[in-house]
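Peer 1: If you read the sequence shown in the numbering used here, its first letter stands for residue 6, the second for the next number, and so on.
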Amino acid sequence: MEELVIRDADVVDGSGADSYRADVVVDGGRIVSIVKEAAAAGCQRPKARRELDAEGLVLSPGFVDMHAHSDLALLRDPDHGAKAAQGVTLEVIGQDGLSYAPVDDRTLGEVRRAIAGWNGSGDDIDFDWRTVGEYLDRLDRGIAVNAAYLVPQGTVRALAVGWEDREATPRELDRMRQLVAEGMEQGAVGMSSGLTYTPGMYAKDAELTELCRVVASYGGYYCPHHRSYGAGALEAYREMVALTREAGCSLHLAHATMNFGVNKGRAPELLALLDEALADGADISLDTYPYTPGCTTLAAMLPSWASEGGPERVVERLADDGTAERIRHDLEVTGSDGCHGVPIEWDTIEISGVGDPALADYVGRTVQESADRRGEAPWVTARGLLLADRLAPTILQHVGHEENVRAIMRHRVHTGGSDGILQGAKPHPRAYGTFPHYLGHYVRELGVLSLQECVAHLTSRPAARLRLPDRGLVREGYVADLVLFDPATVAAGSSFAEPRVLPTGIPYVLVDGRFVIEDGRRTDALAGRAVRRTPA
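#1: In angstroms with no decimal places, state the Cα-to-Cα distance between residue 359 and residue 386.
#2: Can you name, in chain order, every residue of its own chain whose Cβ lies under 7 Å from the Cβ of residue 238, other than the five neighbours on each side?
#3: Only counting the same chain, and skipping five residues up and downstream in sequence, which positions put a Cβ closer than 8 Å to that of residue 273?
#4: Just grab the DSSP bridge partners of residue 379 for me.
#5: Please state whether DSSP places residue 196 in a helix, a strand or coil.
#6: Run through DSSP, which three-state label would residue 289 get?
#7: Where do the N-terminal and C-terminal ends of the alpha helix (DSSP H) with residue 332 fall, by residue?
#8: Which of the three DSSP states is assigned to residue 14 in this structure?
#9: Looking at C-alpha atoms only, which residue of 129, 175, 94, 374 is the closest neighbour of residue 353?
#10: Could you check where the alpha helix (DSSP H) with residue 440 kicks off and where it finishes?
#11: Expressed to the nearest angstrom, what Euclidean distance is found between the alpha-carbon atoms of residue 437 and residue 175?
#12: Start and end of the beta strand (DSSP E) containing residue 516?
#13: Within 10 angstroms of the Cβ of residue 88, are there 16 or more other Cβ atoms? Answer buried if so, exposed if not.
#14: Starting from residue 280, follow the alpha helix (DSSP H) in both directions and report where the run begins and ends.
#15: Give the secondary structure of residue 387 by DSSP, where H, G and I count as helix, E and B as strand, and everything else as coil.
#16: Quick one: what does DSSP say residue 269 is sitting in, helix, strand or coil?
#17: Please classify residue 196: is it buried, with 16 or more other beta-carbons within 10 angstroms of its beta-carbon, or exposed?
#18: From residue 81 to residue 525, what distance separates their C-alpha atoms?
#19: Compare the Cα-Cα distances from residue 72 to each of 371, 186, 300 and report the closest residue.
#20: What's the call for residue 12, buried or exposed, on a 16-neighbour Cβ count within 10 Å?
#21: At the level of alpha carbons, what is the spacing between residue 58 and residue 14?
#22: Are residue 144 and residue 112 touching if we call contact CB-CB under 8 Å?
#23: First and last residue of the beta strand (DSSP E) that includes residue 249?
#24: Just to confirm, are residue 460 and residue 19 a CB contact at a threshold of 8 Å?
#25: Skipping 5 residues on each side, what residues in its chain have a beta carbon closer than 6 Å to that of residue 226?
#26: For residue 351, collect the residues of the same chain with a Cβ closer than 6 Å to its Cβ; drop the 5 residues on either side in sequence, then sort them by chain order.
#27: Just the C-alpha distance for residue 533 and residue 366, rounded to the nearest angstrom, thanks.
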């Protein structure tokens with residue numbers, strides 16, 4: 006007898022088609038049968054060792070978070086309730102060009118320091134891997150939800166070239182090609198870049214194109230955090246489209262926003278650019294989070310020249326008064342490339358987390374507010390905080406536009422990505438609320454998307470980008486990564502005031518046929534594993 010039958014569910018199967026009522030049978034981690042309208046037809050109903058009454062609940066495929074920063078959280082916190090409670094059954098990590106494989110001992114220490122604001126220091130982690138394959142093997146020991154990995158181009162460059170702003174030599178480029186190829190062979194699904202973060206930003210288009218050729222040869226995709234989301238946003242999008250078309254590589258645009266005042270109301274221009282490329286045969290997708298503010302580190306705002314050489318050199322430059330004044334001028338007057346070519350507005354920069362608990366008073370306040378309390382210029386406050394906290398502070402940057410958010414999420418190649426940073430005392434609520442916020446706010450309350458459309462955006466569409474042949478749909482033979490939610494009550498519990506509150510209206514989540522959320526509570530199941538690239 007099969008393990009489980011989910012009875013009388015309203016199935017929204019991920020395809021975008023109309024829902025239907027059915028009994029869905031799960032056994033051995035897969036969906037083994039779907040009996041539509043079983044009760045109404047009076048037919049023999051399927052039996053199983055356990056029966057779950059799903060009356061009034063929607064059954065959908067598990068949600069895929071196309072942009073996650075859980076690289077260490079999956080290892081640190083087996084519960085991982087922030088994502089499991091949202092119905093996320095698969096995350097894509099290794100984002101923004103910086104993660105923890107492939108590395109050597111030197112690079113690992115540098116990367117840990119550089120992205121401590123994203124993932125913590127890692128002092129509580131046993132870094133017993135160096136290659137992509139070894140990291141995926143570590144995930145296979147048991148994690149809360151599944152994870153796919155992108156080879157991080159910035160980490161690759163740090164390993165082969167270093168943190169200097171210069172072109173790679175032919176030998177170094179060959180080494181980077183080799184590292185990307187090895188990562189893809191070991192199971193990565195593509196390559197990411199952080200082109201406003203060091204050292205990835207120092208790569209010219211020709212270098213990126215060569216690495217994308219390698220990715221394409223394995224059937225993977227390129228996922229860039231591109232060179233500007235502000236003053237040069239449209240040009241940066243065009244650059245990525247042209248680069249990947251030259252390389253013959255699929256493109257997935259990370260957190261594809263149009264932020265800052267210069268881009269208010271300009272989402273249609275981005276979508277027109279994408280539509281033109283799609284009509285001409287380009288393979289493009291994108292992800293967004295359903296909120297207006299962004300989230301990153303305070304150090305990411307600095308100009309690229311100030312970040313050359315790695316974290317220790319940044320601290321040295323900040324400590325030097327003359328160099329610090331140059332940094333201030335770039336930030337406040339010129340418009341730093343770290344701040345996307347837009348002069349920084351300190352009243353939009355809210356400190357969301359710090360590494361040193363003694364600095365907790367800064368959290369939840371903008372840099373401007375803290376400066377006013379201290380009676381000093383905001384740059385003095387920001388510089389002092391960066392030095393005192395050794396570059397660890399994370400920020401919310403309040404620069405988005407609701408009309409752009411809604412326009413982009415309607416596009417046919419859109420997928421959902423939380424960009425969730427789980428560190429800090431007051432993280433962005435998207436880390437805990439992205440997927441129920443789509444379903445509750447943008448579907449039920451605003452009607453921006455239909456329920457069927459939204460579920461397709463969060464399930465089958467990302468599964469197709471990841472080339473997963475048996476995930477992303479409620480279909481017989483597919484992996485039983487499933488979510489049961491109440492369409493009348495599903496909502497994000499997290500807010501900017503209380504960002505760590507779990508969502509409501511998602512009572513059941515299954516990963517590989519095992520309940521990770523049951524009756525609204527996290528079980529002890531560690532059913533997730535590394536999801537490796539499917540050969541092209």
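The C-beta atom is built at its ideal place from N, Cα and C for all residues, glycine as well.
Please read all numbers here as calculations on a predicted model, not as lab measurements.
Peer 2: Straight from the coordinates:
#1: Using only the alpha carbons, I get a separation of about 14 Å.
#2: Cβ-Cβ distances below 7 Å link residue 238 to 263, 268 in the same chain, with the five nearest sequence neighbours on each side left out; the list follows chain order.
#3: Cβ within range, chain order: 412.
#4: Beta-bridge pairing links residue 379 to no other residue.
#5: DSSP places residue 196 within a strand segment (E or B) once states are collapsed to three.
#6: Taken through DSSP and simplified to helix, strand or coil, residue 289 comes out as strand.
#7: It spans 326–334 - the alpha helix (DSSP H) in which residue 332 sits, taken as one unbroken run.
#8: For residue 14, the three-state secondary structure derived from DSSP is strand.
#9: If we check each option's Cα against that of residue 353, 374 comes out closest.
#10: Unbroken alpha helix (DSSP H) run through residue 440: 435–442.
#11: A direct Cα-to-Cα measurement between residue 437 and residue 175 gives close to 44 Å.
#12: Start and end: 513–516.
#13: Under this definition residue 88 is a buried residue.
#14: Run containing residue 280: 272–284, per the alpha helix (DSSP H) assignment.
#15: Residue 387 carries a helical assignment under DSSP once its states are collapsed to helix, strand and coil.
#16: In the structure shown, residue 269 falls within a coil segment according to DSSP collapsed to helix, strand and coil.
#17: Here residue 196 is buried. Its C-beta has 16 or more other C-beta atoms within 10 Å.
#18: Looking at the two C-alpha atoms, the distance is approximately 22 Å.
#19: The shortest CA-to-CA distance from residue 72 to any of 371, 186, 300 is the one to 300.
#20: Under this definition residue 12 is a buried residue.
#21: For residue 58 and residue 14, the distance between alpha carbons rounds to 8 Å.
#22: No. Outside cutoff.
#23: Taken as a continuous stretch (DSSP letters only), residue 249 belongs to no beta strand (DSSP E), being part of the alpha helix (DSSP H) at 238–252.
#24: Result yes, Cβ atoms of residue 460 and residue 19 sit closer than 8 Å.
#25: Result list for residue 226: 195, 255, 257, in chain order.
#26: Here the set comprises 372, 373, 383.
#27: Near 37 Å, if we compare the C-alpha coordinates of residue 366 and residue 533.
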